[in-house]
Amino acid sequence: MAPPNEVDKTIHDKATGDAYETATRHEAEKSLKLYAGWFCPFVQRTWITLEEKKIDYQYIEINPYHKDPDFLKLNPRGLVPTLAVPIPAPKGDTHPTSNGDSKASSTQGRPLRPLYESIVIAEYLDEHFADASKYGPRLLPEGDDELAAYERARCRLWIDHISSRIVPAFYRFLQHTPEKNSQYTIDDARSALLGAIKTFVEQLIEMDSERDSLSSSPGPWFLGGRFSLVDITLIPWALRLFLIDHYKKPDGVGIPEPGKGGNDEEIWNRWRTWFAEVQKRDSIMSTLSKRDRYIEVYKRYAEDETGSQVGQATRGGSSLP
Ligand SMILES: N[C@@H](CCC(=O)N[C@@H](CS)C(=O)NCC(=O)O)C(=O)O
């Protein structure tokens, strides 16, 4: 992996605002450890999941661009989020941990094993902390029957749409700088992002109409009244769209104002309904830092200066890490 730049290494070192309060509430030693960067949208997926399910965890702020050797032992990809999970050793396993480091990586005799990749982590947390009486409703539809399996697969399909279409388009747009990008225009970048968001919102509308015909609960979430991993997958980037408005003036993201959506009015209304709910939910807002700090930390993306793996992949046209 190519080394990150100085601009990445000097970012502000802790969460601010509500996220700071939440990080502080979770600074005590706990067996489940989240290695996080306050600014990172992938981390925010994990963080929302932990808060939503009221799981007991320790929040550990790190700068993933420093590539600390101990951190790389946990996650060879060198990315946050990384979760350290206490797992009973399999019978006959004499090795204290998967990386052999017993001191840093075990609690109460239970070796800590790493997990990474935000969606993998979220699915793990949902599956492991499954008791609805303690952790609330599951974030993916549960059940062994045919319909439940289909509904889960459909959620994963839209998780994939967000991760492989919306998120890369977000970075292409934010990193577009006229002097550096001759391969694509800012208008191309805008229509790719808006197009990918619209496809998702059309699916929300379709989900609403399916529920209507079964006379079940109305929106606002992907699964109606039920908050899900599909919503969590998208929320951190929805909350960062304002950065494109801030940095890519004069037109910004280009989501039309109410009443100005033309043929897409219904789509953008549905988007606004979903986004209004996002801004009301505690698990989400409690993991959000101050706006100015995001503006500061994303400047290196907006000026296409970052050496982060996401930044390099976007610049090189390859898929995101
Ligand atoms: N696919 C990973 C992406 C995680 C990621 O890219 N995290 C960034 C911070 S937002 C990181 O740790 N970057 C370190 C680097 O680029 O070297 C996931 O979903 O967890």
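According to UniProt numbering, the stretch in the sequence shown is residues 1 to 321, in order. Each residue gets a CB set at the ideal place from its N, CA and C atoms; glycine is no exception.
Assigned secondary structure, residue i (DSSP; H/G/I helix, E/B strand, else coil)
i, result
"Ile60", "strand"
"Tyr301", "helix"
"Arg110", "strand"
"Ala36", "strand"
"Pro41", "helix"
"Pro86", "strand"
"Leu288", "coil"
"Leu147", "helix"
"Leu174", "helix"
"Leu140", "coil"
"Leu115", "strand"
"Asp126", "helix"
Environment of residue i [buried if 16+ CB atoms lie within 10 Å]
i, result
"Leu72", "exposed"
"Ala238", "buried"
"Pro250", "exposed"
"residue 358", "Here the chain comprises residues numbered 1 to 321, so residue 358 is not present and cannot be evaluated."
"Tyr184", "exposed"
"Tyr150", "exposed"
"Gly195", "exposed"
"Gln44", "buried"
"Asn75", "buried"
"Arg293", "buried"
"His26", "buried"
Beta-carbon contacts of residue i that lie in its chain and below 6 Å, excluding the five residues immediately before and after
i, result
"Gln309", "Pro321"
"Ile168", "The sequence as given places Pro at residue 168; Ile does not occur at that position. Leu320, listed in sequence order."
Contact under 7 Å by Cβ, residue i with residue j
i, j, result
"Ile62", "Tyr35", "yes"
"Thr314", "Gln175", "yes"
"Leu112", "Ile121", "no"
"residue 367", "Asp208", "This structure gives no information on residue 367, because the portion of the chain shown stretches from 1 to 321."
"Ile284", "Ile11", "no"
"Ile119", "Leu234", "no"
"Lys198", "Ile244", "no"
"Lys53", "Gly136", "yes"
"Pro69", "Gly37", "no"
"Ile60", "Lys33", "yes"
"His156", "Ile205", "This sequence places Arg at residue 156; His is not what is there. In this structure, Ile205 does not lie closer than 7 Å to Arg156 by Cβ."
Contact set for residue i: own chain, Cβ-Cβ below 7 Å, skip 5 residues either direction
i, result
"Val7", "Arg300, Glu305, Thr306"
"Tyr124", "Leu115"
Neighbourhood of residue i by C-beta, 8 Å cutoff - its chain only, sequence neighbours within 5 removed
i, result
"Asp282", "Glu51"
"Lys180", "Asp304"
"Ser202", "The residue asked about is misnamed: residue 202 is Glu in this sequence, not Ser. Taken in chain order, the residues that qualify are Ile267."
"Arg172", "Tyr184, Ala189, Ala192, Leu193, Thr314"
"Gly254", "Arg190, Leu194"
(message) Extract the residue ranges of the alpha helix (DSSP H) inside the region 184–270, only unbroken runs of 4 or more that lie entirely within it.
(response) If we require 4 residues or more, the alpha helix (DSSP H) runs fully inside the region 184–270 come out as 186–213, 229–238, 241–247.
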